[in-house]
Structures are given as C-alpha cells and as structure tokens.
Amino acid sequence: MVATQKYVVLSIGLYFGWLLSVPFNGPIIYAIMASNEINISIPAIYIFAHALGLLTIGIMVKKAEHWRSLIIYGGALSLVLGLLVLFMPPVMWPFIYTIIGFCSAMFVLGWSYPYAHGIDNKSRMKHMALAIILANIVYVVLNVLLTILNLQLVYIMALLSVAGALRFSKLLTRVDFENIRNSNNGKLKELPVFPGVFMLIVSLLIFGLYINGGFMYQVMYPSLAKYENVAVFYRSLPYIAVLAVMWRYGNVLQKQLPIYMGVSFMGLAFISFLLLHNTLPGFFLTETLIQSSFALLDLFFFTILGDISAMNREPIRTFCFGMTATVGAILVGGLLGEQLMIIGERYYLFTAMFALSAIFLTFLIIPWMFEKIDHIYNSINDKGINNQQTNMEIFQSVFATHSLTAREIEIVEYLLQGLTNKQIAAELYVSENTLKTHIKNIYYKLQISSRRELMHKVLENKENHPLGLINHP
Numbered sequence: 025m026v027a028t029q030k031y032v033v034l035s036i037g038l039y040f041g042w043l044l045s046v047p048f049n050g051p052i053i054y055a056i057m058a059s060n061e062i063n064i065s066i067p068a069i070y071i072f073a074h075a076l077g078l079l080t081i082g083i084m085v086k087k088a089e090h091w092r093s094l095i096i097y098g099g100a101l102s103l104v105l106g107l108l109v110l111f112m113p114p115v116m117w118p119f120i121y122t123i124i125g126f127c128s129a130m131f132v133l134g135w136s137y138p139y140a141h142g143i144d145n146k147s148r149m150k151h152m153a154l155a156i157i158l159a160n161i162v163y164v165v166l167n168v169l170l171t172i173l174n175l176q177l178v179y180i181m182a183l184l185s186v187a188g189a190l191r192f193s194k195l196l197t198r199v200d201f202e203n204i205r206n207s208n209n210g211k212l213k214e215l216p217v218f219p220g221v222f223m224l225i226v227s228l229l230i231f232g233l234y235i236n237g238g239f240m241y242q243v244m245y246p247s248l249a250k251y252e253n254v255a256v257f258y259r260s261l262p263y264i265a266v267l268a269v270m271w272r273y274g275n276v277l278q279k280q281l282p283i284y285m286g287v288s289f290m291g292l293a294f295i296s297f298l299l300l301h302n303t304l305p306g307f308f309l310t311e312t313l314i315q316s317s318f319a320l321l322d323l324f325f326f327t328i329l330g331d332i333s334a335m336n337r338e339p340i341r342t343f344c345f346g347m348t349a350t351v352g353a354i355l356v357g358g359l360l361g362e363q364l365m366i367i368g369e370r371y372y373l374f375t376a377m378f379a380l381s382a383i384f385l386t387f388l389i390i391p392w393m394f395e396k397i398d399h400i401y402n403s404i405n406d407k408g409i410n411n412q413q414t415n416m417e418i419f420q421s422v423f424a425t426h427s428l429t430a431r432e433i434e435i436v437e438y439l440l441q442g443l444t445n446k447q448i449a450a451e452l453y454v455s456e457n458t459l460k461t462h463i464k465n466i467y468y469k470l471q472i473s474s475r476r477e478l479m480h481k482v483l484e485n486k487e488n489h490p491l492g493l494i495n496h497p
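Take 25 as the starting number for the sequence shown in the working numbering and just add one per residue.
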C-alpha cells in the first residue's frame, strides 16, 4: 500500500474508531451519561447535528480545493472540543457535542476528496474494508478497556485516536492529488458536472436501507438487552470477519455483491428477530446476520460514494448527499423505532415489515444504479482516450516540419499539461538533467525559449489543423 493510500485509510479509520466509541451511539458516551445522570440523549443530539452539518457544509462549500481546510479544522476542533468536555459542567455537554457534530461533518467531507482521487476504483473496496476494520478494532479495544479502566482515562484514550487521525490527515494535505488524477495511470482527466438527480436517487436508496440501522439501535438492541454481557464481546466479531473477507478478495469481487448479500442478510436478520428474539440461539443468529449485513452495506456505500465522487467535479457534494442520507436515516429509524416500541408486542412484526419493504425496493433500484454508473464511467473513459489520441495526432502534425522525435513530442505534451520538470522526469523514468537536455533541444528546434512561447506556438498552428484545438489546461 503506497503512502497516500495508507494515509487515507489511517486517517478515516482512526477517526471513525472515535466516532463509534464516543458520540455515535458509542459505549463511552452512554457510560458518561449514566455516571453523571444525564437524561438528555447526547448521541441523538450529536447525530442530528452531524447530519445537519453534512448537508449545510456540503452545500456551502463550492470548491473541491477547500478539502484541506475542512479535514484539518474539522479534526482539530473535534480534538479540542472533546478535551473541553472534561472541564465543562454536564449541562454544557449537549451544546458542545452539537458543535462536535458539525466538526465531524467537516472532517468526513474533507476526507472525501483524497479518498476519491487518491485510491483507484479497482482497489477502493479493499482499502475501505481495511479502514472500517481499523475503526472497529479501535471500538473493540476501547470497549474492553472501559470494563477495566477509569472512565475518564478511556475517554482520553479515545481522543488519542482523533489525534492520530489528525496527524495522518496533515500528511494527506501535502499530497498533490491533482497530479495524481491527471497522471497516465488510468485516471480520468476530464470530469463531468455533479449528477444531481442520480445522486438523489442513490441517497434515497441509502436512506431506505439505513432506516434499519435506527431500528437496530432502538428496537433490536433493547429487545436483546438480557444478552448484553455476551453482545458486548460478540457483536463486532461477525462485522469484522465479513470485512476481513472483503478486504482479502476486494480486488476481484463484483461491486454489486456486497449490497445483494447485505440486503439478503438484513432480511434474514429481521425474520430471525421476529421468530427467535427470546432465545439465546436466536440472539446469536440475529446478531450474526445483522452485523454481517451492515458490514457489507457500509462497505458498499462508502465504495460507491468514492466511485461516484471520482467521476464528477464535486466529491464533497457527493459525500454530502450520501452521508446525510446515511446519518439522517439512522436518526429517523431511531425515532420510528421508539414509536414502534410503544405499540406493544406487535412492534416485532412492524419492524420486520419496514425492513423487508426497504429490501424489496433495493433489488429494484440496484441494477439501474450500476447501469448508470457504468454508463458515466465508460463515457468519460472513451472521451479521455479519444482526446489523448487526437492530441498526439495534432502534436505529430504540428511539429512534423520541426523534426521533433517521438520522445520530444511526448515531453511537449507533458509541458503543456503544466507538469514540473521533476514530475515529467518521474513519468519518463529519466533524470532531470536528461530531461533538461531534451527540453533544450525542443526549444532550439522550435526557435523558442520558454513554455509560454511553446503554448503560443501550438495555438498559432492549431487553426491550420483539421482536428482543431489541443486540450490544454
């Protein structure tokens, strides 16, 4: 795994580990609420603020280059405000976690850009699986430490995970992702505008499925509370095991497989919950199925959001739609789950009906969604290939009378793309001194002395070429 991919995985893995352990229905925040007799649901406040932050920040931030500010400020403020909680009275904690909800939205949206453009589509599922595994390892370790160490100490240890995420995020900000995206390694050179209607439908699909996440927290977990001592240690095992399999085989599996398996497991989980919720075997079967289901769904939707983000000019806005749908669905599902618990024993039946309806809609939408993604991807690739072929024909025609060699024409193309001498030398596997010699010969043959004059030379000749204007930045 190259350094850039490593930073992407470690930054979000460590940050998500803190989210799962503390504000996002984490065991640490519930332990803090219990020890301080806080009756207000801080996780519900945080989730609402996080969803609102994702939506508002994603809409307000128009330029993708702002990702660096989002990820650094979001991570730093999460860390500082998390520490501030230790010194503030409990009455202030809901307010602080409201702000943390917005800060974590900044971090996630900022991270979306390096995730989309720093990891190729083929290996994105594999790397995302590793990131989620890391997050859950952090969650499990902190959960175990919570049973043997002081609560305040475990809380501080959780914040160390945020500090680690911030450290790797700073390393990410030093990477030039524009050059990675525009390299000749199969990346897309020209990206279309944001596919608004398509993302709206994808977001509605995510929302429909993740409502079941709210049911899981508010209906299934409380109903299985008598097995909580077992659940604490067992709950993460099937989740991590499924992700480990996907990490091992992520490069060779069809991307449709996780969601089809995930929704199938989800349906079986709610059927198991409906029929066997009062038995220990039913608990193990339900937990195994529901955790496996959400492992697959989490992996699928993060992978697909990354793929879609890499195919348009607004990755932050893409994650704004998708992540708002995910978090908002869990919040709405939790509220619906609370209402279902009021209606009596029939809530098992109603919960299963909701889940199965969402699953049915999924099987209707998924084939269309993948057909649309393939169409966008293929059209961009075809355009990129045609542009590359056209450019080379123009170069060869324009500079034929100047006796430029094939290597010199290739260097001219890189120069017009705006790459530095160091970057061009790396692309051609030559030393910078060798490259400077080539550039000197090019300038001599063309009777010019700078890149600016080279650009003018191309523009002067383009009108006489039947293929028209060269694509240049």
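Backbone N, C-alpha and C define an ideal beta-carbon position, used for all residues, glycine too.
{"Check": "From the beta carbon of T348, is the nearest beta carbon of chain B less than 7 Å away?", "Outcome": "In the displayed structure, chain B is absent; only one protein chain is listed."}
{"Check": "Does Q566 pass the burial test, meaning 16 or more other C-beta atoms within 10 Å, or should it be called exposed?", "Outcome": "Residue 566 is absent from the model: the chain starts at 25 and stops at 497."}
{"Check": "Restricting to Cα atoms, I'd like to know which of I81, P51, L190, L228 is closest to T171.", "Outcome": "P51"}
{"Check": "Tell me whether H462 is buried or exposed, calling it buried when 16 or more other Cβ atoms sit within 10 Å of its Cβ.", "Outcome": "buried"}
{"Check": "Just verifying my parser: in three-state terms, what is the DSSP assignment at S193?", "Outcome": "helix"}
{"Check": "Do G82 and L154 have their beta-carbon atoms positioned less than 7 Å apart in this structure?", "Outcome": "no"}
{"Check": "Could you compute how far the alpha carbon of E452 sits from the alpha carbon of C344?", "Outcome": "Inspection of the sequence shows that residue 452 is occupied by Leu rather than by Glu. Distance between the alpha carbons of L452 and C344: 38 Å."}
{"Check": "In whole angstroms, what is the alpha-carbon distance linking I340 and T348?", "Outcome": "12 Å"}
{"Check": "Among T327, Y258, P262, L439, which residue has its Cα nearest to the Cα of D144?", "Outcome": "T327"}
{"Check": "Using 7 Å as the threshold, is the C-beta distance between P138 and V33 below it?", "Outcome": "no"}
{"Check": "With a threshold of 16 other CB atoms inside 10 Å of the CB of P113, please say whether the residue is buried or exposed.", "Outcome": "exposed"}
{"Check": "Around the Cβ of Y39, are there at least 16 other Cβ atoms within 10 angstroms (buried) or fewer (exposed)?", "Outcome": "buried"}
{"Check": "Pick out whichever of L277, A182, L195 has its Cα sitting closest to the Cα of K150.", "Outcome": "L277"}
{"Check": "Quick check: what's the CA-CA separation for N465 versus M285?", "Outcome": "59 Å"}
{"Check": "Can you give me the Cβ contacts of I62 inside the same chain, cut-off strictly under 6 Å, excluding the 5 residues immediately before and after it?", "Outcome": "P114"}
{"Check": "Kindly give me the distance between the Cβ atoms of Y263 and A353, rounded to whole angstroms, as I take these residues to be in contact under 8 Å.", "Outcome": "Not confirmed; about 18 Å, so no contact."}
{"Check": "Quick check: what's the CA-CA separation for K146 versus V26?", "Outcome": "15 Å"}
{"Check": "On the premise that G99 lies in contact with A159, defined as a C-beta separation below 8 Å, what is that separation, rounded to the nearest angstrom?", "Outcome": "Going by Cβ atoms, the distance from A159 to G99 rounds to 15 Å, so no, they are not a contact pair."}
{"Check": "In or out: E395 buried (at least 16 other Cβ within 10 Å) or exposed?", "Outcome": "exposed"}
{"Check": "Taking C-beta to C-beta, are A140 and S45 nearer than 7 Å?", "Outcome": "no"}
{"Check": "So the alpha helix (DSSP H) L169 belongs to, where does it begin and stop?", "Outcome": "148-170"}
{"Check": "If you draw a straight line from the C-alpha of S65 to the C-alpha of G291, how long is it?", "Outcome": "29 Å"}
{"Check": "Are the Cβ atoms of I124 and L105 separated by less than 7 Å?", "Outcome": "yes"}
{"Check": "What whole-angstrom Cβ distance do P282 and L329 have, given they're in contact under 8 Å?", "Outcome": "That belief does not hold up - the Cβ atoms of P282 and L329 are roughly 13 Å apart, past 8 Å."}
{"Check": "Among residues of its own chain, excluding the 5 on either side of F324, which ones have a beta-carbon nearer than 7 Å to its beta-carbon?", "Outcome": "P282, I283, G286"}
{"Check": "Please classify M152 as buried or exposed, where buried requires at least 16 neighbouring CB atoms within 10 angstroms.", "Outcome": "buried"}
{"Check": "Let me make sure I understand the geometry here. Which of G346, S193, R259 has the alpha-carbon closest to that of E311?", "Outcome": "R259"}
{"Check": "Assign Y163 to one of two classes, buried (16 or more other C-beta atoms within 10 Å of its C-beta) or exposed (fewer than that).", "Outcome": "buried"}
{"Check": "Quick test of your reading: I156 and T350, contact by CB under 8 Å. State the CB separation rounded to the nearest angstrom.", "Outcome": "The pair is not a contact, with the Cβ atoms about 13 Å apart (cut-off 8 Å)."}
{"Check": "Take I36 and list the residues in its own chain whose beta-carbon comes closer than 6 Å to its own, dropping the five residues that flank it on each side.", "Outcome": "W135, A155"}
{"Check": "Whose C-beta lies closer than 7 Å to the C-beta of K481 among residues of the same chain, with five residues either side of it excluded?", "Outcome": "L470, I472"}
{"Check": "Under a three-way DSSP split, which group does S455 fall into?", "Outcome": "coil"}
{"Check": "In angstroms, rounded to a whole number, what distance separates the CA positions of K446 and T458?", "Outcome": "11 Å"}
{"Check": "State the Cα-Cα distance for the pair I69 and G77, rounded to the nearest angstrom.", "Outcome": "12 Å"}
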